[in-house]
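**Q** The sequence shown begins at 984 in our numbering and counts up by one.
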Amino acid sequence: MTGGTVWETIETSVADGVCRIALNRPDKLNPLSALLIDEVRRAFDAAAGDAAVRAIILTGRGRAFSAGADLRGGIQPGGDLGAALETRYNPLVLAMRALPKPIIAAVNGICAGAACNLALACDIVLAARSAVFIEVFARIALLPDAGGTWFLPRVIGTQRALAASMLAADITAEQAHAWGMVWEVHDDAALPDAAEALARRLAAGPTRAYAAMKQAFGAAAGNTLAQQLQLEADLQRALGHSADFTEGVTAFLEKRPSAFRGA
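1. Assign residue 1079 to one of two classes, buried (16 or more other C-beta atoms within 10 Å of its C-beta) or exposed (fewer than that).
2. Indicate the three-state DSSP secondary structure (helix, strand or coil) for residue 984 in the structure shown.
3. In this structure, does DSSP put residue 1169 in helix, strand or coil?
4. Can residue 1199 and residue 1179 be called in contact, C-beta distance under 9 Å?
5. For the alpha helix (DSSP H) containing residue 1179, list its first residue and its last residue.
6. Determine which residues share a DSSP beta bridge with residue 1153 and list them.
7. Distance check for residue 1004 and residue 984, CA to CA, integer angstroms please.
8. Using alpha carbons as the reference points, say which of 1182, 1162, 1231, 1171 lies closest to residue 997.
9. What's the C-alpha gap between residue 1231 and residue 1054?
10. Can you list, in chain order, the residues of its chain whose CB lies under 6 Å from that of residue 1106, leaving out five sequence neighbours each side?
11. Can you tell me whether residue 995 is buried or exposed, with buried defined as 16 or more other CB within 10 angstroms of its CB?
12. In whole angstroms, give me the CA-to-CA distance for residue 1047 and residue 1083.
13. For the alpha helix (DSSP H) that residue 1052 lies in, which residues bound it at each end?
14. Kindly list the residues whose CB is nearer than 8 Å to the CB of residue 1068, restricted to its own chain and excluding five residues on each side of it in sequence; keep chain order.
15. For residue 1043, write down the residues that DSSP places opposite it in a beta bridge.
16. Is residue 1108 helix, strand or coil when you go by DSSP?
17. So what's residue 1092 in DSSP terms, helix, strand or just coil?
18. What are the start and end residues of the alpha helix (DSSP H) that includes residue 1020?
19. Buried or exposed, going by whether 16 or more other CB atoms sit within 10 Å of the CB of residue 1224?
20. Should residue 1149 go down as buried or exposed, given a rule of 16 or more other Cβ atoms within 10 Å for buried?
21. Assuming residue 1247 and residue 1072 make a contact with CB atoms under 8 Å, what is their CB distance in whole Å?
22. Taking 9 Å as the cut-off, decide whether the C-beta atoms of residue 1102 and residue 1120 are in contact.
23. Measuring straight from C-alpha to C-alpha, what distance separates residue 1037 and residue 1245?
24. How long is the line joining the alpha carbons of residue 1153 and residue 1229, rounded to whole angstroms?
Here is the structure:
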């Protein structure tokens, strides 16, 4: 994956170690159609297999990250909603969490429904001041999906997660930051540059260590303390043989910046 590519519903590009994936139906507020989810999944798969990619940005074109599922062209009463989750959303979320490279969500404007939970599935969330996170499902008599019932209570606590979901409440960027959903909030005009700077910093970092962090933090909720300690030992053992660890120690002793290669 190199250069820039315009798909039917997204845009992708790779430069300076960063893959950028932008939802690109701004006239409709980037609704999550079946095609868009499939294209995003394919873009993540390509980024995972591209050695030139060491960090990823997921964002939305126009004045919204995404208004959520495409009710006009996708979800319909009487259909098998579970099948759509099993075949599209769930594999995408699992692929994002398993992807051994850091993923940044740069959220602008409305971020509703499953799009809110796709943002939470990223490793670091940056938000524009215009961003509004909404677990909108109750408005159409559904429950949060795409990992929402897993991510949200772990980030903000069960009571807040239930209230935000039952009330389909608007969560502003500042509130999301206070609750721990968002790492940083930026002025709208500054968000793209902030996401770029963070992605380039991560792309220059120790990629294998980042992958191990994702694996360890992802496993922690289901592990006992003893199991987690063993996982840490196993992962640290492998990292101890990495070229980046050697470089990090050498750079520390030589009092110079590390030049990590992701190896």
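The beta-carbon is built from N, C-alpha and C at its ideal position, and this holds for glycine as well.
**A** If we stick to the structure as given:
1. To locate residue 1079, count along the sequence shown from 1; it is residue 96. Of the other Cβ atoms in all chains shown, 16 or more fall within 10 Å of the Cβ of residue 1079; this residue is therefore buried.
2. In the sequence shown, residue 984 corresponds to position 1, counting from 1. Any reading at residue 984 must be qualified, since the residue scores a pLDDT of 45, below 50, and its modelled position is unreliable; the value itself is stated next. Of the three classes helix, strand and coil, the one that applies to residue 984 here is coil, per DSSP.
3. Your numbering for residue 1169 matches position 186 in the sequence shown. DSSP places residue 1169 in strand when its eight states are reduced to three.
4. Stepping through the sequence shown from its first residue, residue 1199 is reached at position 216. Stepping through the sequence shown from its first residue, residue 1179 is reached at position 196. It is not a contact, given that the beta carbons lie outside the stated cut-off.
5. In the sequence shown, the residue the question calls residue 1179 occupies position 196. Residue 1179 -> alpha helix (DSSP H) spans 1174-1186.
6. As a first step, residue 1153 is located in the sequence shown; it is residue number 170 there, counting from the start. Beta-bridge pairing links residue 1153 to 1117.
7. On the sequence shown, position 1 is the one that residue 984 refers to. On the sequence shown, position 21 is the one that residue 1004 refers to. Residue confidence for residue 984 is low, a pLDDT of 45 falling below 50, so the modelled location carries little weight and cannot support an answer.
8. For the purposes of this step, residue 997 is taken as the residue at position 14 of the sequence shown. It is 1182.
9. Taking the first residue of the sequence shown as 1, we reach residue 1231 at position 248. Taking the first residue of the sequence shown as 1, we reach residue 1054 at position 71. Approximately 50 Å between the Cα atoms of the pair.
10. Stepping through the sequence shown from its first residue, residue 1106 is reached at position 123. Closer than 6 Å at the Cβ level, and outside the excluded window around residue 1106, lie 1085, 1086.
11. Stepping through the sequence shown from its first residue, residue 995 is reached at position 12. In this structure residue 995 is buried. Its beta-carbon is surrounded by 16 or more other beta-carbon atoms within 10 angstroms.
12. Counted from its first residue, the sequence shown places residue 1047 at position 64. Counted from its first residue, the sequence shown places residue 1083 at position 100. So the two alpha carbons sit approximately 27 Å from each other.
13. Taking the sequence shown and counting its residues from 1, the one referred to as residue 1052 is at position 69. Unbroken run through residue 1052: none, as it is neither H nor E.
14. The residue you call residue 1068 lines up with position 85 of the sequence shown. Cβ neighbours of residue 1068 beyond the five flanking positions: 1128, 1129.
15. If you number the sequence shown from 1, residue 1043 lands on position 60. Per DSSP, 1006.
16. Translated into the one-based positions of the sequence shown, residue 1108 becomes position 125. Residue 1108: strand per DSSP, three-state reduction.
17. In the sequence shown, the residue the question calls residue 1092 occupies position 109. Three-state result, residue 1092: strand.
18. If you number the sequence shown from 1, residue 1020 lands on position 37. Residues 1017-1031.
19. In the sequence shown, counting from the first residue as 1, residue 1224 sits at position 241. Exposed, since its Cβ has fewer than 16 Cβ neighbours within 10 Å.
20. Numbered from its first residue, the sequence shown carries residue 1149 at position 166. Residue 1149 should be labelled exposed.
21. In this structure the chain extends from 984 to 1246, so residue 1247 is not present and cannot be described.
22. Taking the sequence shown and counting its residues from 1, one reaches residue 1102 at position 119. Taking the sequence shown and counting its residues from 1, one reaches residue 1120 at position 137. Their beta carbons are not under 9 Å apart, which means residue 1102 does not touch residue 1120 by this criterion.
23. As a first step, residue 1037 must be located in the sequence shown, where it is residue number 54. As a first step, residue 1245 must be located in the sequence shown, where it is residue number 262. Cα to Cα, the separation comes out at about 8 Å.
24. Stepping through the sequence shown from its first residue, residue 1153 is reached at position 170. Stepping through the sequence shown from its first residue, residue 1229 is reached at position 246. In a straight line, the C-alpha of residue 1153 is about 47 Å away from that of residue 1229.
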